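Those sequence lines, one after another, are chains A and B. 15 is the number of the first residue of the first sequence in our numbering; add one for each residue after it. -19 is the number of the first residue of the second sequence in our numbering; add one for each residue after it. Worksheet: the structure to be examined is printed underneath.
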Amino acid sequence: MPVSTASQSYDVAIIGAGPTGLFSVFELGLLGLKAVVLDVLDKPGGQCAELYPEKPIYDIPSWPVISGQELTDKLLEQIAPFGADLKLGRQVKSFERRADGRFQLTTDRNDTIDAAAVFIAAGAGSFTPRKPKLEGLDSFEGKSVFYAVRDRASFAGKDIVVAGGGDSALDWANDLSEIAQTITLVHRSDRFRAAPASVEKFRALVAEGKARFVEGDLASLTGTGGKLQAIALKTKAGIETLAADRLLAFYGLNIELGPIAEWGLDLADGKQIKVDTEKFQTSTPGVFAVGDINWYPGKLKLILSGFHEAALASQEAFRVARPDEKLRFQYTTSSSELQQRLNVNATKKVA
Amino acid sequence: MAVLNVIDRDGKAHQLETVEGWRVMELLRDQNMGVEGICGGACDCASCHVIVAEDWAARLPEPREDELFKLDELPEIAPTSRLSCQIIWSDGLDGLSLTIAESA
């Protein structure tokens, strides 16, 4: 796992690369503030990109219809001039306020981020792998049981069981069949939700005896000290036990609030972060919550509300990050300073 | 008025008010049954997973393919598992009984 130890400094650290997190980069950027965006997913867009990239959204102002992925792409285009750092595939584990009033954030990949203010734009929380309910599962996690392949070579020569019927399960079963001792795909039906080419390739591997398919569910794990030895499968014919030293489980992603719950912020219903409606600031000064993650009287979980909240929170973030400067309210249509930040030609008219 | 019978994740029984044309997920969400409906009813997150009483399962409209695929993704399902965002309430469902599935 890559490890970066040097601390990086920004005006604002944004947790969450969904539409509200991305638009926050824009609003902060107009004010001349430099942001970093952190997200647990390995791509920007949050739910829009992960859950419904192809689905049409009809309530984005001025876009009569736009898909989740198109909206993400347009936002990335819009924030490009501000050169924000996008740090993806990592979860912010902790944040603390230092003696000098700035914040220090740490991720599960050992990044240390220093920022004057923090925007929590985490939507419904962190996407995390869904886990099978198996006794003793946690003792095997990270040693024999994985929810993603980070180190392909470590699967060489192993007896591997892959669980699931989607693209990840099929793609990795196909790929790892080249280096595995044995590979078995377990899914509760032979209906796969994966690219037809991957399904075809897998069926060919089974026909050649290079992979096995078992219709069933995981029943139990056997092993000691995190070392997996066997996996029992529940099939229509009864319990079948396989020798196995690796399990890759691909049951999709769940969303949970995650570490944010432990940060001492006032919550509503234990799930949303309470903010005021002037600055969208949390109970901790300098920490803002925008988009679906926040709560205030009248809150609506709409992307357009997140955009509005980001604009207002950015004003206060400026006062926090630049206490000695005067905040000047300007429009992009007329301000040459804003146009410079946007890297556009001030004399150019929209055709 | 037509009612919806629900057993929540703690095993407690509730009788819920219903509104013709609403998604069952919305009825559960708005009456604080602990169902979030994170994706808003787009059949994309499975956070509204329920197990329909056996005698009711066959009386509901058949699940579409995208619902079956999404259910297939979950580590654990029951023979009568459904995503409640895909069940539209009509008064003909008066007395429908379901159990909210544990979150995966």
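Ideal Cβ placement from N, Cα and C applies to all residues, glycine included. Values in this document were obtained by computation on a predicted structure and should not be read as measured data.
Minimum Cβ-Cβ distance from residue i to chain B less than 8 Å
{"i": "residue 61 (chain A)", "result": "yes"}
{"i": "residue 24 (chain A)", "result": "no"}
{"i": "residue 284 (chain A)", "result": "no"}
{"i": "residue 320 (chain A)", "result": "no"}
{"i": "residue 245 (chain A)", "result": "no"}
Collapsed DSSP secondary structure at residue i in the structure displayed
{"i": "residue 214 (chain A)", "result": "helix"}
{"i": "residue 15 (chain A)", "result": "Because the pLDDT of residue 15 (chain A) is 43, which lies under 50, any placement of that residue in the model is unreliable, and the number read from its coordinates should be weighed accordingly. In the structure shown, residue 15 (chain A) sits in coil (DSSP, three-state: anything other than H, G, I, E or B)."}
{"i": "residue 124 (chain A)", "result": "coil"}
{"i": "residue 72 (chain B)", "result": "helix"}
{"i": "residue 321 (chain A)", "result": "helix"}
{"i": "residue 173 (chain A)", "result": "strand"}
{"i": "residue 153 (chain A)", "result": "helix"}
{"i": "residue 347 (chain A)", "result": "coil"}
{"i": "residue 225 (chain A)", "result": "coil"}
{"i": "residue 77 (chain A)", "result": "strand"}
{"i": "residue 160 (chain A)", "result": "strand"}
{"i": "residue 237 (chain A)", "result": "strand"}
{"i": "residue 52 (chain A)", "result": "strand"}
{"i": "residue 109 (chain A)", "result": "strand"}
{"i": "residue 93 (chain A)", "result": "helix"}
Beta-carbon neighbours of residue i, restricted to chain B and to distances below 8 Å
{"i": "residue 202 (chain A)", "result": "52, 57"}
{"i": "residue 146 (chain A)", "result": "55, 56"}
{"i": "residue 207 (chain A)", "result": "49, 52, 53"}
Beta-carbon neighbours of residue i, restricted to chain B and to distances below 7 Å
{"i": "residue 30 (chain A)", "result": "The contacting residues do not exist; residue 30 (chain A) stays about 14 Å from chain B at best."}
{"i": "residue 69 (chain A)", "result": "22"}
{"i": "residue 180 (chain A)", "result": "53"}
{"i": "residue 266 (chain A)", "result": "53"}
is_contact[residue i, chain A] using C-beta, thresh 8 Å
{"i": "residue 22 (chain B)", "result": "yes"}
{"i": "residue 84 (chain B)", "result": "yes"}
{"i": "residue 25 (chain B)", "result": "yes"}
Within chain A, the residues that residue i reaches when beta carbons sit closer than 7 Å
{"i": "residue 18 (chain B)", "result": "138, 269"}
Contacts around residue i, its chain only, beta-carbon distance under 7 Å, and the 5 residues preceding and following it disregarded
{"i": "residue 187 (chain A)", "result": "176, 197, 199, 216, 225"}
{"i": "residue 148 (chain A)", "result": "232, 234, 235"}
{"i": "residue 299 (chain A)", "result": "none"}
{"i": "residue 158 (chain A)", "result": "237, 240, 241, 242, 259, 260, 261"}
{"i": "residue 111 (chain A)", "result": "117"}
Cβ neighbours of residue i in the same chain (closer than 8 Å, five flanking residues each side left out)
{"i": "residue 17 (chain A)", "result": "Summary for residue 17 (chain A): the model assigns pLDDT 48, below 50, so the residue's position carries little reliability; its value from the coordinates is reported in the next sentence. Around residue 17 (chain A): 123, 124."}
{"i": "residue 73 (chain A)", "result": "316, 317, 318"}
{"i": "residue 203 (chain A)", "result": "179, 229"}
{"i": "residue 84 (chain B)", "result": "26, 29, 54, 55, 56"}
{"i": "residue 250 (chain A)", "result": "229, 230"}
Neighbour list for residue i in chain B, Cβ cutoff strictly below 9 Å
{"i": "residue 242 (chain A)", "result": "None at all; the shortest Cβ gap to chain B is about 17 Å."}
{"i": "residue 65 (chain A)", "result": "18, 19, 22, 24, 25"}
Cβ neighbour criterion (16 or more within 10 Å) applied to residue i
{"i": "residue 345 (chain A)", "result": "exposed"}
{"i": "residue 308 (chain A)", "result": "buried"}
{"i": "residue 89 (chain A)", "result": "buried"}
{"i": "residue -19 (chain B)", "result": "exposed"}
{"i": "residue 58 (chain A)", "result": "buried"}
{"i": "residue 212 (chain A)", "result": "buried"}
{"i": "residue 140 (chain A)", "result": "buried"}
{"i": "residue 182 (chain A)", "result": "buried"}
{"i": "residue 291 (chain A)", "result": "exposed"}
{"i": "residue 15 (chain B)", "result": "buried"}
{"i": "residue 52 (chain B)", "result": "buried"}
{"i": "residue 50 (chain B)", "result": "buried"}
{"i": "residue 253 (chain A)", "result": "exposed"}
{"i": "residue -2 (chain B)", "result": "buried"}
{"i": "residue 305 (chain A)", "result": "buried"}
Residues near residue i in its chain [Cβ-Cβ closer than 6 Å; skip 5 each side]
{"i": "residue 7 (chain A)", "result": "Because chain A here runs from 15 to 365, residue 7 (chain A) falls outside it and cannot be looked at."}
{"i": "residue 106 (chain A)", "result": "29, 52, 119, 121"}
{"i": "residue -7 (chain B)", "result": "-13"}
{"i": "residue 173 (chain A)", "result": "195, 196, 257, 258, 259"}
{"i": "residue 358 (chain A)", "result": "none"}
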